[in-house]
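*Asks:*
Protein chains: 2
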Amino acid sequence: MRVVDAEKVAVVSAALPDGDTIGELAQVFGLLSDPGRLRVITALLEGGEMCVCDIAAACGNSESAVSHALRLLRANRVVRVRRAGRMAYYRLDDSHVRMLLDLALAHIGHGEDAE
Amino acid sequence: MRVVDAEKVAVVSAALPDGDTIGELAQVFGLLSDPGRLRVITALLEGGEMCVCDIAAACGNSESAVSHALRLLRANRVVRVRRAGRMAYYRLDDSHVRMLLDLALAHIGHGEDAE
DNA sequence: TGCTCATATGAGCAGTGCTTCAGATATCGC
DNA sequence: GCGATATCTGAAGCACTGCTCATATGAGCA
Chain A
1 MRVVDAEKVA VVSAALPDGD TIGELAQVFG LLSDPGRLRV ITALLEGGEM
51 CVCDIAAACG NSESAVSHAL RLLRANRVVR VRRAGRMAYY RLDDSHVRML
101 LDLALAHIGH GEDAE
Chain B
1001 MRVVDAEKVA VVSAALPDGD TIGELAQVFG LLSDPGRLRV ITALLEGGEM
1051 CVCDIAAACG NSESAVSHAL RLLRANRVVR VRRAGRMAYY RLDDSHVRML
1101 LDLALAHIGH GEDAE
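Going down the list, the protein sequences come from chains A and B. If you count the first sequence from 1, position 82 lands on 82 in our numbering, and the numbers rise without skipping. If you count the second sequence from 1, position 96 lands on 1096 in our numbering, and the numbers rise without skipping.
(1) Short of 8 Å Cβ to Cβ, which residues in the region 1045–1072 of chain B face chain A?
(2) Would you mind working out which of 109(A), 49(A), 89(A), 72(A) sits nearest residue 37(A), comparing C-alpha positions?
(3) Helix, strand or coil: which one does DSSP assign to residue 1039(B)?
(4) Which residue wins for smallest C-alpha separation from residue 56(A), given the options 93(A), 24(A), 89(A)?
(5) Am I right that residue 1063(B) and residue 1079(B) are in contact with their C-beta atoms under 8 Å? What's the rounded C-beta distance?
(6) What did DSSP end up calling residue 86(A) once you bin it into helix, strand or coil?
(7) Would a check of beta-carbon distances place residue 12(A) closer than 7 Å to chain B?
(8) If you run the structure through DSSP and keep just helix, strand and coil, what is residue 50(A)?
(9) Would residue 60(A) pass as a contact of residue 1008(B) if the rule is Cβ separation under 7 Å?
Structure representation (structure tokens):
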């Protein structure tokens, strides 16, 4: 493997986050890399707390797909459930998500939020 | 499709970003959802400007894989090239990336950055 | 000009992830 | 308890993505 600035490479290489951290980062961004989940998240940003069927209706996805999406988001502490009888009400459980979306929107040029 | 709160669904549905915006958001996050690209980005965060072979050496990836990664990042205005002879020096071209990484690190619990 | 090095590109393959379909779990009303 | 409803889960099919290998472009150098 070729190297031009060996010292810099050593410094940079040592400063890189460990594999676990990189993996977790990739997983978090992976959660946001799917249009279906993104719609779910933006819907919850708008609606606050919603049940599964309403989320599905608002997003235009099937209830099963939304349930799968919510399962992933729940496992990564992005959303929270509140169960009331046979209904399940979901809400965002992470203040960073909105900021992540705003930053990404700023990057792609759209200055305004989904709000 | 079942709906509980039809009015809320209508409001939320109308407030969702359009399909193009959702797609672009997903694409941006998708760029950050790969450990290989993440290593490239964190290396550039540390090293500032580096040539392809040094990036590859620092990340522990093949030069071809890094070149493919840089191609994607370049197409999405995340990195910038400066060509000098047969060398190609890459640097980050987006101030949002560092903030996105910091937010994601905050989400997964690690308070500190890759810095 | 011909050769070598640094990078870029294209094709092919393997792994991953999303969606749908079918069935399971749990709650409500009778 | 029984049936209906709301959500969840698992398996199969499918597309997408990233890797490697091979090759192309392009610059430096003899």
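Note that the Cβ used here is the ideal one computed from N, Cα and C, for glycine as well. Just so you know, these numbers come straight off a predicted model, no measurement behind them.
*Replies:* Taking the definition as stated:
(1) Listed by position, the residues of the region 1045–1072 of chain B near chain A (Cβ gap below 8 Å) are 1046, 1047, 1050, 1051, 1053, 1054, 1056, 1057, 1058, 1059, 1060, 1063.
(2) Translated into the one-based positions of the first sequence, residue 37(A) becomes position 37. Cα-wise, what sits closest to residue 37(A) is 72(A).
(3) Along the second sequence, read from residue 1 onward, the residue named residue 1039(B) stands at position 39. DSSP, read as helix, strand or coil, puts residue 1039(B) in helix.
(4) As a position in the first sequence, residue 56(A) is number 56, starting the count at 1. In terms of Cα proximity to residue 56(A), the closest of 93(A), 24(A), 89(A) is 89(A).
(5) By one-based count along the second sequence, residue 1063(B) stands at place 63. By one-based count along the second sequence, residue 1079(B) stands at place 79. Contact doesn't hold; Cβ gap of about 16 Å is too wide.
(6) Taking the first sequence and counting its residues from 1, the one referred to as residue 86(A) is at position 86. Coil.
(7) Your numbering for residue 12(A) matches position 12 in the first sequence. It does: the Cβ of residue 12(A) has a partner Cβ on chain B nearer than 7 Å.
(8) Taking the first residue of the first sequence as position 1, residue 50(A) is located at position 50. Here DSSP, grouped into helix, strand and coil, assigns residue 50(A) to strand.
(9) Numbered from 1 along the first sequence, position 60 holds the residue referred to as residue 60(A). Numbered from 1 along the second sequence, position 8 holds the residue referred to as residue 1008(B). No; because the gap between Cβ atoms is not below 7 Å, this pair is not in contact.
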